[in-house]
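Line by line, the protein sequences give chains A and B.
Note that this note's numbering has the first sequence beginning at 651, numbered continuously upward.
Note that this note's numbering has the second sequence beginning at 32, numbered continuously upward.
For every residue, glycine included, the Cβ atom is placed at its ideal position computed from N, Cα and C.
Only a predicted model underlies this, so the values are computations on that prediction, with no experimental measurement involved.
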Amino acid sequence: DTGVSQDPRHKITKRGQNVTFRCDPISEHNRLYWYRQTLGQGPEFLTYFQNEAQLEKSRLLSDRFSAERPKGSFSTLEIQRTEQGDSAMYLCASSLLSGTGNTIYFGEGSWLTVV
Amino acid sequence: AQTVTQSQPEMSVQEAETVTLSCTYDTSESDYYLFWYKQPPSRQMILVIRQEAYKQQNATENRFSVNFQKAAKSFSLKISDSQLGDAAMYFCAYRSAKNGNKLVFGAGTILRVKS
């Protein structure tokens, strides 16, 4: 068990380009979450998956954002036509399904800078 | 919607001393979970301590303890015998027991530990 891993850790992209982040959750964790964190703020919920089904999306997740978890294992978060306001850290997290009090484990995050 | 407020942007403590970080929250629910997460400079969020709202007893984890005041909607974190490794950003977070699909975070408190 190596924890939640995210790739890449840092990405610098030009405005208008597309970027994709990958998250590998802790094995056997059937819930996977994406959060966004800007400097000086707490993380904000974006979306979550239960196995391969995307069950909730925040209003923060505009049409330019899409997340997938094709086989219920790893997940990708794609941002199309990036804007400077997308600059943030994108955090992935995972947990077990049973019990809403189950601990959510976070990855180290993927930093995005849009120039 | 639930909100979490951390009114101390930054706190300092002398090594070996005790410090208390404040957190208040707003909810209309009676059953929920509260968490303190630590985010060191390496950026991975680590769970410090959790509290179930239905439990009257305050949670304790080694040097970390909470003061949970349900009626006042207050959830402070006390760190005893502070160590240099405690220096980090600390986030208070709320999770509904009914719809525990996401964590709602406060803005965080930076804790500095002086040697």
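Query: Whole-angstrom distance between Y85 of chain B and R94 of chain B, CA atom to CA atom; Result: 23 angstroms
Query: Among A:R681, A:G692 and A:S716, nearest to A738 of chain A - alpha-carbon criterion; Result: A:G692
Query: Of the residues A:T732, A:I676, A:E706 and A:D736, the one placed nearest T688 of chain A, counting alpha carbons only; Result: A:D736
Query: Anticipated Cβ contact below 8 angstroms, Y121 of chain B with W67 of chain B, distance rounded; Result: 6 angstroms
Query: Beta-carbon proximity of K104 of chain B to T55 of chain B, cut-off 8 angstroms; Result: yes
Query: Residue-level contact to chain B via CB, G759 of chain A, 8 angstroms cutoff; Result: yes
Query: Bridge partners - S146 of chain B, DSSP secondary structure assignment; Result: The partner list for S146 of chain B (beta bridge, DSSP) is empty, contrary to what the question assumes.
Query: Contacts that R74 of chain B makes with chain A (C-beta to C-beta distance below 8 angstroms); Result: M739, E758 and G759
Query: A138 of chain B at chain A interface by Cβ criterion, 8 angstroms; Result: yes
Query: For S96 of chain B, the residue or residues it bridges with in DSSP; Result: B:T91 and B:K109
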